[in-house]
Amino acid sequence: ARSGALGQALLAVLGRDRLDEAAWEELEETLLQADLGLEPTTALLTELRTRLRVDGTRDPVAIRATLRELLLAQVDPTMDRTLATARREVDGTWLPATVLMVGVNGTGKTTTVGKLARLLVAQDQTVLLGAADTFRAAAADQLATWAQRVGVEVVRSDRDGADPASVAHDAVDRGVADGVDVVIIDTAGRLQNKAGLMDELGKIARVASRRAPITESLLVLDATTGQNGLRQARVFAEVAQLTGIVLTKLDGSAKGGIVVAVQRELGIPVKLVGLGEGPDDLAPFDPESFVDALLG
Amino acid sequence: MFASLSDRINAAVSSLRGRGRLSDADIAASISEIRRALLDADVALPVVRDFTATVRERAEAAELSKALNPAQQIVKIVHEELTRILGGQARELRFAKRPPTVFLLAGLQGAGKTTLAGKLGRWLTEQGHTPLLVAADLQRPNAVQQLQIVGQGAGVAVWAPEPGNGVGNPVEVARSGVAHAKEQFYDVVVVDTAGRLGVDAEMMQQAADIRDATQPDEILFVIDAMIGQDAVTTANAFAEGVGFTGVVLSKLDGDARGGAALSVASVTGVPVMFASTGEKVGDFERFHADRMASRILDMGDMLTLIEQA
Ligand SMILES: Nc1nc2c(ncn2[C@@H]2O[C@H](COP(=O)(O)OP(=O)(O)OP(=O)(O)O)[C@@H](O)[C@H]2O)c(=O)[nH]1
Ligand SMILES: Nc1nc2c(ncn2[C@@H]2O[C@H](COP(=O)(O)OP(=O)(O)OP(=O)(O)O)[C@@H](O)[C@H]2O)c(=O)[nH]1
Ligand SMILES: [Mg+2]
Ligand SMILES: [Mg+2]
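Okay, here's the thing in structure tokens:
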């Protein structure tokens, strides 16, 4: 996430000796440009106005610091962003942690499965992948390539169009039998307004959790996504009981500001960020650097 | 939960004032609602600014209509302006005088290029052409195989001399694809390329090299209808880096308002030519500017009223 344009704009606005209406408007526009959304932006600026009135601050540097502080509060650094990936013993049997990867088409689910597997393997965990996207052309092969790349195995169906829920089930089953630490299940992209596909996802989640509970249900959100991201999160949260968000493609020019509204409304923390197409391009979400990137 | 724009303008515009012009207060209140609606639809800020200025100008100049109330009249102006920009230079695809015609697909990662290649292939076949799809994405894992399966589903031939997954030179594959088409009398070549970011100079250069090697008749920029404010930055980066002659808006079967269409069309002046509306090979249609205008502003109901007036 390059481009200090927003930061420069902010400084330009704040550098004036008086914050006139035009300056406020510019400030609003710079926040909107990061896909923060009109409502959160308005709320934030109202708060900033109040704070400035109370503090009586004129100093642009102090004003910028206040804005940063308010933004950071919106992103909420106190949220628990750890991943539940430890296996646990239930009635004498070791059950793997199960991670379900969900989201709309093309956001980076399969890639994130690969990267996450790499991360876990590096932490000496054993990982098994489940190819529950049986729909998109070569989806299972794409996942298998990732599996090979990061040195883990993948459970897949031998035919296209197989029931994705049963593949997910088989993957968890095999994970239990093999005593792996984590099973990561890749699912097909689906738009949240497609009721049939969302029902299918609900079924995948139900069937996959028969043997062992799903410990992480991650919504993969593309950083370029605009206001539709909130609708995505609402519907997926309901169908797949989301526990976290992965914000991908942050290596581009988009800032991913929509996650601010998503976290605020749904209380689901962003846990990971995608920073490229390589196996190591996955990092924990850091509220401070996210906000700094927003501010340029 | 969201009132449509026409409802909100209706609420904002105080009443019939019975004068010769729309009142300044009504115009101001409407402009603020229009701005909100455009931003909610992810229309890029600079475009919102230009657009509202134009609408304001037209509204101020407009004679009050007998058939329409002031709110309806403003909605009508908005819709006309939107349709004008979106449909601006609507035209047919350009085919080469001497085949093969080359269409090059470009766009961000995951935008829908490979899927579109299959859809275009099927559509071209239905139009009586003999297309060839070229697998020049050698980067994304199993992109070549994906295109092969997509081609098979569409009943279209695929040129895939390299396995991909990092192996092979995409510029060479594109070049040999065009040569192969010439030899085998395919009359249209659709080149699928890897997704790339606007900020990735090296990958953008590769796209330019593929362009130079294939001399495409159309370069189609594929963009996801869900994209937000980044649409303009990215469109400008592609316009500068590789250039494009047409836009395809993908994933329009979703519930995104699709403000990107307006952003890209108005900033680059390049027309949106097609809409991708699903994952299946037949989910592909011509772009309809008027439908898109209603979608962006969510004002279908009001338009029916206006049309009846
Ligand atoms: N630049 C960049 N590209 C990414 C990132 N994550 C994924 N991609 C690319 O985005 C494209 C789509 O990624 P996939 O992992 O196939 O996405 P998906 O969500 O599994 O897609 P579907 O299964 O088709 O819905 C690929 O070209 C990836 O290489 C990222 O963090 N940065
Ligand atoms: N619902 C819907 N899904 C689409 C549409 N177009 C493409 N997709 C899906 O979006 C995802 C990405 O599509 P691809 O065709 O692989 O995108 P791409 O641009 O080739 O991706 P990269 O090669 O990784 O850059 C896949 O899951 C497709 O099935 C569309 O119009 N509607
Ligand atoms: Mg996938
Ligand atoms: Mg592709």
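In order, the protein sequence lines correspond to chains X and H.
Reminder that position 35 of the first sequence reads as 18 in my numbering, one-by-one numbering, no gaps.
Heads up: take any position in the second sequence, counting from 1, add 4, and you land on my numbering.
Positions of the beta carbon are idealized from the N, C-alpha and C atoms, including for glycine.
No experiment lies behind these values; they were computed from the predicted model shown.
Sub-7 Å separation of Val200/X and Thr237/H beta-carbons
The amino acid occupying residue 200/X in the given sequence is Ser; Val does not appear at that position. Not a contact, by the Cβ cut-off of 7 Å.
What does Ala115/H touch in chain X if you count any residue whose Cβ is under 9 Å from its own?
Gly89
Output needed for Ala244/X: all residues of its chain with C-beta closer than 6 Å, excluding positions within five of it in sequence on either side, in chain order.
Gly20, Pro23, Leu213
Beta carbon proximity, Leu230/X to chain H, threshold 7 Å
no
Fully enclosed by the segment 192 to 277 of chain H, which alpha helix (DSSP H) runs are 4 residues long or longer?
205 to 218, 234 to 245, 263 to 272
Alpha carbon to alpha carbon, how far is Val154/H from Ala120/X?
7 Å
Take the Cβ of Ser272/X as the centre, count every other Cβ of all protein chains shown within 10 Å, and call the residue buried at 16 or more, exposed below.
exposed
Under 7 Å from the C-beta of Leu339/H: neighbouring residues of chain X
The structure shown does not extend to residue 339/H, since chain H spans only 5 to 313, so no value can be given for it.
Contacts that Lys255/H makes with chain X (C-beta to C-beta distance below 9 Å):
Val87, Asn88, Gly89, Leu174
Using only CA atoms, which one of Asp44/H, Arg25/H, Leu142/H lies nearest to Asn211/X?
Asp44/H
Under 7 Å from the C-beta of Gln149/H: neighbouring residues of chain X
Ala121, Asp124
Between the Cα of Leu99/X and the Cα atoms of Gln57/X, Thr33/X, Asp169/X, which residue gives the shortest distance?
Asp169/X
Does the distance between the C-beta of Lys117/H and the nearest non-hydrogen atom of ligand 4 fall short of 6 Å?
yes
Assess contact between the segment 170 to 183 of chain H and the segment 113 to 131 of chain H, defined as three or more Cβ pairs (one per stretch) separated by less than 8 Å. Is contact present?
no
Among Gly86/X, Glu183/X, Asp59/X, which one has its Cα closest to the Cα of Gln215/X?
Gly86/X
Between Lys92/X and ligand 3, is there a pair consisting of the residue's CB and a ligand heavy atom that are separated by less than 6 Å?
yes
Here's the rule I'm using: 16 or more other beta-carbon atoms within 10 Å means buried, otherwise exposed. How should Phe6/H be labelled?
Confidence at Phe6/H is low in this model, with a pLDDT of 49, below 50, so its placement is unreliable and no value can be given for it.
Would you mind giving the Cβ-Cβ distance between Phe189/H and Ile223/H, rounded to the nearest angstrom? I have them listed as a contact below 8 Å.
At roughly 24 Å, the Cβ-Cβ gap does not stay under 8 Å, so Phe189/H and Ile223/H are not in contact.
According to DSSP, is Pro104/H part of a helix, a strand, or is it coil?
coil
Closer than 9 Å, Cβ to any Cβ of chain X: which residues of the segment 228 to 256 of chain H, in chain order?
Asp228, Ala229, Met230, Ile231, Gly232, Gln233, Asp234, Ala235, Thr237, Thr238, Ala241, Ser254, Lys255
Check each candidate in Glu244/H, Asp257/H, Gly262/H and name the one with the smallest Cα separation from Ile231/H.
Gly262/H
Classify Pro291/X: buried if its beta carbon has 16 or more other beta carbons within 10 angstroms, exposed otherwise.
This structure cannot settle anything about residue 291/X, because the visible part of chain X is limited to -16 through 279.
Tell me whether Ala140/H, by its Cβ, gets closer than 6 Å to a heavy atom of ligand 4.
no
What in chain H is Cβ-close to Glu12/X, meaning under 7 Å?
Leu49
According to DSSP, which residues form a beta bridge with Glu67/H?
Arg25/H
Please report the straight-line C-alpha distance between Gln175/X and Asn88/X, rounded to a whole angstrom.
10 Å
Take Asp287/H and list the residues in its own chain whose beta-carbon comes closer than 8 Å to its own, dropping the five residues that flank it on each side.
Lys123, Asp257, Ser280, Thr281
My guess is that Leu31/X and Leu53/X are in contact by the Cβ rule of under 8 Å, so how many angstroms apart are they, rounded?
6 Å
Please decide whether Asp282/X counts as near chain H, where near means a Cβ-Cβ distance under 7 Å.
Lying outside -16 to 279, the shown extent of chain X, residue 282/X is not represented and no answer is given.
Cα separation between Ala105/X and Ala276/X?
28 Å
Quick check: what's the CA-CA separation for Val137/X versus Arg247/X?
36 Å
Nearest-angstrom Cβ-Cβ length linking Arg40/H and Thr56/H, presumed shorter than 8 Å:
Rounded, the Cβ-Cβ distance is 10 Å, inconsistent with contact.
Within the continuous beta strand (DSSP E) that includes Phe288/H, where are the two ends?
288 to 290
Say yes only if the C-beta of Gly202/H is nearer than 6 Å to one or more non-hydrogen atoms of ligand 2, and no if none qualify.
no
Could you work out which residues of chain X lie near Pro167/H, taking near to mean beta carbons separated by less than 9 Å?
Here the premise fails: no neighbours, minimum Cβ distance about 11 Å.
Per DSSP, what are the beta-bridge partners of Thr208/X in this structure?
Ile231/H
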